[in-house]
Structures are given as C-alpha cells and as structure tokens.
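Protein sequence lines, in the order shown, are assigned to chains A and B. Taking our numbering, the leading residue of the first sequence gets 1, the next gets one more, and so forth. Taking our numbering, the leading residue of the second sequence gets 316, the next gets one more, and so forth. Worksheet for the structure shown next.
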Amino acid sequence: MTVQADPVTVDKAVEIERDARRRDVRMRWLLSAPALTIITLFAAGPLLIVLVYSFLTPGNYGNVKWIFSIDAWTNVVVQRDIFDNTLQWADAHLSIFWRSLKLSIVTTILTAIFGIPTAYFIATRSAKTRNLWLFLITIPFWTNLLVRTIAVQELIRTEGVINNVLRMLHIIDTPIQMMFTDFAIGFGMTYVYLPLMVLPVYASIEKLDFRLVEAGYDLYASRWTCFRRIILPLVKPGMIAGSILVFVPSLGAYVTPRVLGGGKNLMFGNLIELQFGQGRNWPLGAALSISLMVLVMVALIYYTRISSGGDKQNG
Amino acid sequence: MIEIRNITKVFGAGEHAVTALQEINVNIAENEFFTLLGPSGCGKTTLLRLIAGFEHPSTGSMLLAGEDISLLPPNKRPVNTVFQNYALFPHMTVAGNIAFGLEMLGRPKAEVAETVDRMLRLVRMEELKNRQTSEISGGQQQRVALARALAPQPKVLLLDEPLSALDLKLRKEMQIELKRLQSETGITFVFVTHDQEEALTMSDRIAVMNAGRIHQIGSPRQIYDHPENRFVANFIGDSNFLNAKLGNIKDDQAELEFAAGRKVTVPLHRADLSDGEVSVLIRPEHVSIAEPTGNSHELTGVIENIVYFGTDTHYHLKLASGEAFMARLQNNPSEAEKRAAGDKVAVLMDAKAIQILRD
Ligand SMILES: Nc1ncnc2c1ncn2[C@@H]1O[C@H](COP(=O)(O)OP(=O)(O)O)[C@@H](O)[C@H]1O
Ligand SMILES: [Mg+2]
C-alpha cells in the first residue's frame, strides 16, 4: 500500500517540527544560562582582568597604573641591567621555571612509579577490601593541604622522624639536610598528589577485562608481553589522565614548595605570589600567571601528542 | 589426542572448598568434534580451562598427543580457546586480533599477513579486515574470535558456549559454519554447551556432565537412544519414566512388568542389570495410542490434556498405575481429530522403545 501524501498536511507537519526545534533550542539556552553566567563571571572575567593588568604599569603600593606597557612581559624572560642598562636573561626567573618544570616532571614520574602498582593492587582486591583501600588512599584528601605538608616536614626535618630513626639505628651520625632542598619539594608533592594518580589509574584497571589477559596468555604471549601489549594500552588513558592531574597542579604548586622549599627554592607559584605581595609588581605577576597557563597548555598538548602517537600501530 | 586421566579439581580449601570436577576420565580423538554437555555450574568451563592451562588439576593428569601437559602454562600449549564473551582485544583491529597469536609465535611478517588473509577468507570476513572490533556485530565478533583462535593452527580448539550470545537464526548459521570449519581445518574441537539440541546436531561424541561428574560419553544416537541413567535421559529430549520390575534375565533379554500392569519381553543393552525394581525410559515419540482392547496385558490410561503443536500433538495421560505419561504423535491431514480429554486409551509401543535405566 502506498500513502498519498497530502501537500497541505506535509507543510503543516514541517512547520510543527520547526517550531518544536526552535523551542528545543531556546530551552537549551535557558537551561545552560546559569552555568554560562558563572563561567563568564568567575572564570573568563578574572582571566580577562589578569590579561589587561599584564599590559599596565605597576603602581607604587601594589595595584596598577592605567598606562599601557609591555615591560611586564619582557620582564618575564629578560631584565635590564641596573648599571649599564643592557638587556640580560632573567636568570632568576628562568631557573625558577626550570625548577618548576623539572620538579613537576619528577613528581609525575614518581607518582606514576608508586601509584600504578598501588592502583593495580587495589583493583585486584575483592570488592569489599577494595573500598577500604580506596578509602585509605583518599583520607589525605580530607585533610588541609597545609597540615599534610607540615606532616611531611615533621618526617624530613633535621630533628624529624627519618633522621632520628636513622641515627638511632646508627646508620648516620649527623642528620641529613632534607628540608629546603628540591628533594623536599619533590618528596612532598609526590606524597600530596599521589591520590590524583592512583584514582584514575585504578578506574581504568578496574574496568579492564582480565579475560583479555587470559586470551593473550592463551595466544602464546608471555606474562610480560600480555602486560605490554594488552594491559598497558588499555590502562593508558587512566595513566594519561593521572599524569595530567598531577602535572598541572604541581607546576603551579604554592603551599608545598613554600613550606618545604623555604625562601630559596621557589617555584612558579611562589614567584607569582611574590609579585603580588612583597614585589608590588602586579603586571609582572599577571604576565607570569598567563605564562604559566601557556606553559601548562603547551606541555599538555605535547604530552597528549607523544602519548597517543603509538596507538595506531596495530592493524 | 587428549587423554584426561582421573582428574579432580577442588577450588578453595577447608569448609569453603568446592569440588568442581570429580574423577574425570575422557579420551578425545584426533579430528573429533567432542561436546561437553550439562546444566550450568556442572563444571564444563572448569574442564575446558584445565585443558587450556588456566587451571591446574588437583589430582590426575592430562596428556596431549602422548605428552604430559598437566603443568604447562597456557602459552606453552598448542591449544587455543574461543571465549564465551569472545574476549577480542578492543584496541586492535580485526586483522590485529587474528595476527596476535602468530606474532607471539614469532612467525615472519609475510607469513602472518598471508595467514591472516586466509583466516579472514575462511570465516568470510575479508571486507572487515581493518575495522575496530567495537564496530562489528556480535556474529562478526564471533567469527573474528574463531579466526583468531584458529590462526596459529592449534592441535585442539576449545569453544566455551560460543553460540549462546547469538540469536536463534544466527546460532543455526554458526552451527553449520563451525562444522564446516572443523572439517576444513581438521582440528580437534572441544565444544561446550548447555543446549542439548546443539550438542546432538553438531557432535561426533558427547560427554553428558552433572555436578562435576561425567555421566555418559557416546555418540548423539547412543546418548539419546540408550541413556545410562535418569539424569542423562531427562537432560536430553523429552522422556517418560515408569517404574517396573525386571526378572528372568537371560542373555540379552529379560522380562519386564510395569507397575501399570503390562508384561513384556525386552532386549537388554547392558550387562550390569539384575532382577528387581528398575526405572524405565520411554520416549514420547516412540509410542502410539489406540482404543483399548480389554487385554489385561495392555498399558492403559486416561487422556488428561491434549496440546496441539502444529507438526505434532502431545497427549498427556494418566496411567492405571497413577503415573503420568506423555505421547507425542505426528499430525497428518488424513487423520481428523478423534480423541478428547477423558477418553480411555491404550499405549502401544515396540519392545525396543523401552530403555532400562541404571537408577
Ligand atoms: N575460580 C573458582 N573458584 C571457586 N569456585 C569455582 C571457580 N570456578 C568455578 N567454580 C565452581 O565450580 C563449579 C563449576 O563451575 P563451571 O565450570 O564454571 O560450570 P559451567 O561452566 O558448567 O557452568 C561451580 O560450582 C562454580 O561455582
Ligand atoms: Mg561455563
């Protein structure tokens, strides 16, 4: 049976559908309005202010003068010699950038080294004990960051737990200087950010179908090859997510380097804070903040490039 | 090809111990389509996993082509598995999956490529070679899983309920496909199913399992026509069980007296029977019904219910002894419907239709 379409009816149906679509679109905008407002007001807005400030002149007592200047931006990487007025690399800044980058990478690698086996261990427990382990892993999250950092300080300071134990065991005579070194910062950040690595990796291992590993084992792969060819590629998304979650806050870390690194071993976050505080150079602080954002984005783009590069080799 | 000698498998220990398999003895011949049939939880998967090497026997041993493989890990056994859920590698293409085993065996690249193409042709999946495994249908995944397991040319292919996830039509197609693959490759298939019809139509031999034990091993015909015991009879096909008394055993025949009254001389298929109470199996399609003649040696009953199935009709009777009995008669157009519930009828059968069970 064929249906003879009545042109009038069809036109009407098209019209009704179009109206419905319009209502739909309007409704969607309406529903997303609160979210859009919040994002504009509290994220895009401040960012814009920071961007504008970075092109202004520092005021005498903090704040800014509304005079356009790109000095802040040049000062991020170079500085003018106070004696002969020549431009020189801003060594202090560059070494802080470098330390931030280095410590963040080291932190990410260390959290991966400790976090991945931990995640694997938890994911392979029975459902009940698994929840207990996850609970234990997340406990530090409920504690203030400063408190956790001071706890680390208690461990590594000259009269701290580690040194005392080592001395009691007569392994060392004089305490090891751990506070106020890069080691202290790396150690502290690894401890603080470990759950951020464990959780996403755990999530992807938990999703992993271990029958796939059996299938690989059945098809003549050794245990190591099963790990490399089957587990690793399937868990990689979790590892990438974990690395990003650790790397990004590490690069901008402020509290941990401040407490454990002391005044000398600054990181990016501390440098920015300095400009808005004692330095009274808000435009430079603003320019540094944006530089940090750009650095993070470049690092992320580069990282996702290299880590997804090997994916398509099969087939 | 595979010799399974007195294997028992216990999971866990102490009061939580589960005996999954008990005293399993099986010899599977080269190039055989061997089926493990039994209800869920009877130990089929466990036996398959033992052959694959994922589990090790608690006691007993296993030989493959005369060589003891009990302690070899799965990757050292020339045995491949088609998993129930297929377990295809989601991060590889169809071809990548099929190539995996060959690559692990270190075959040269050209040979791998050539074998992959041959396998794709064998399972008729050439066009989907470079698809991701998530982009193909369940039936196609099934074929890829088969091709992947066949590619390294194992001595034995293990299939754990490979068709149970497919719909009826596809399942029928794959049953034929599997038989074709088996005869084309000449590989020994050990096939697991809980579907008796599938087992009957596909297998060279069937092992019927229950609660960790093998109850009977035989060809589909042997299993259906001469089940060893009540479990096997009940599990495969429809069955009537009647109580009877066995006596006068002479050579290969004996006299049987039904509780319902009738006395017959029956041929015996087994030597392990003695005089006394026995259980007897009569298949519903092996009998017919007729007007009772009044002969005292007749098996008579009253029709309680008639169910029409198109191709045939099921008559549910209550025998004089009170036992329930079902007769299945084929319908044909010349015969009009002539019986109704409440009619008294006689059950007619050949003495050969009567099977005496061990328990
Ligand atoms: N890894 C195991 N641990 C404990 N019990 C198991 C394990 N695997 C199987 N079983 C038990 O062994 C019995 C047989 O299981 P299985 O071989 O999977 O049965 P089937 O495949 O026939 O359904 C079941 O009672 C099951 O609970
Ligand atoms: Mg099973």
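We put the CB at the ideal spot given by N, CA and C, even for glycine.
Distances from the alpha-carbon of L110 (chain A) to those of A:I290, A:Q275, A:G242 put A:G242 closest. Closer than 8 Å to some heavy atom of ligand 1: that describes the Cβ of L362 (chain B).
Within the DSSP secondary-structure output, K324 (chain B) pairs in a beta bridge with B:L336. Short of 6 Å from the beta carbon of A410 (chain B), and not among the five residues preceding or following it, lie these beta carbons of its own chain, in chain order: V431, K444. Those residues of the stretch 358 to 378 of chain B placed with their C-beta closer than 7 Å to a C-beta in chain A are A367, F369, ordered along the chain.
Distance from the CA of E426 (chain B) to the CA of R433 (chain B), rounded to the nearest whole angstrom, comes to 10 Å. Looking at the DSSP output, E17 (chain A) sits in no beta bridge, so it has no partner there. The Cβ-Cβ distance between P58 (chain A) and A72 (chain A) falls below 9 Å.
Secondary structure of A286 (chain A) (DSSP, three-state): helix. Among the CB atoms of chain A, one or more fall inside 9 Å of the CB of V394 (chain B). For the pair L557 (chain B) and A574 (chain B), the CB atoms are nearer than the 9 Å cut-off. For A428 (chain B), no CB of chain A lies under 9 Å from its own CB, so it is not counted at the interface with that chain. Under the rule that a run must span 4 or more residues, the alpha helix (DSSP H) segments found entirely inside the stretch 142 to 178 of chain A read 145 to 156, 161 to 168. Between I413 (chain B) and V394 (chain B) a beta carbon distance of about 17 Å is seen, past the 8 Å cut, so the two are scored as non-contacting. Shortest gap from the CB of K578 (chain B) to any heavy atom of ligand 2: 8 Å or more. Taken in chain order, the whole alpha helix (DSSP H) runs of length 4 or more contained in the stretch 352 to 378 of chain B are 359 to 367.
Taking the C-beta atoms as reference points, I529 (chain B) is found nearer than 9 Å to N340 (chain B).
Under DSSP, L644 (chain B) forms a beta bridge with B:T628.
Close partners of G416 (chain B) in chain A (Cβ separation under 7 Å): L219, Y220.
The three-state reading of DSSP puts Q537 (chain B) in helix, counting H, G and I together. Proximity of chain A to L420 (chain B) at the Cβ level (cut-off 8 Å) is accounted for by Y220, in chain order. E606 (chain B) and I521 (chain B) have their C-alpha atoms spaced approximately 40 Å apart. Here K12 (chain A) is exposed, its C-beta having fewer than 16 other C-beta atoms within 10 Å.
Listed by position along chain B, the residues whose Cβ is nearer than 7 Å to that of T225 (chain A) are M419. In terms of side-chain proximity, the C-beta atom of A335 (chain B) is found nearer than 8 Å to a non-hydrogen atom of ligand 1.
Contact with chain B is absent for R228 (chain A), since none of that chain's Cβ atoms lies less than 9 Å from the residue's Cβ. In this structure, V581 (chain B) and I669 (chain B) form a Cβ contact; the two beta carbons are roughly 5 Å apart against a cut-off of 8 Å. Between ligand 2 and E476 (chain B), a heavy atom-to-CB distance of less than 8 Å is present. Counted as a single uninterrupted DSSP element, the stretch harbouring I185 (chain A) is not any beta strand (DSSP E) but the alpha helix (DSSP H) occupying residues 182 to 207. Here Q511 (chain B) has I551 as same chain residues with Cβ atoms under 6 Å from its own Cβ, once five neighbours each way along the sequence are excluded. Nearest C-alpha to P599 (chain B) among B:L632, B:A464, B:G416, B:D482: B:L632. P46 (chain A) is classed as exposed because its beta carbon has fewer than 16 other beta carbons within 10 Å across all chains shown. Under the 9 Å criterion on CB atoms, L403 (chain B) is classed as interfacial with respect to chain A. Apart from sequence neighbours up to five positions away, the residues of its chain that approach L260 (chain A) with a beta-carbon distance below 7 Å are T149, V152, Q153, M179, A184, I185, G188, ordered along the chain.
Nearest to C226 (chain A) by C-alpha distance, out of B:F398, B:M419, B:G368, B:L474, is B:M419. Look at S554 (chain B) here: in three-state DSSP terms it is coil, with no helix or strand label.
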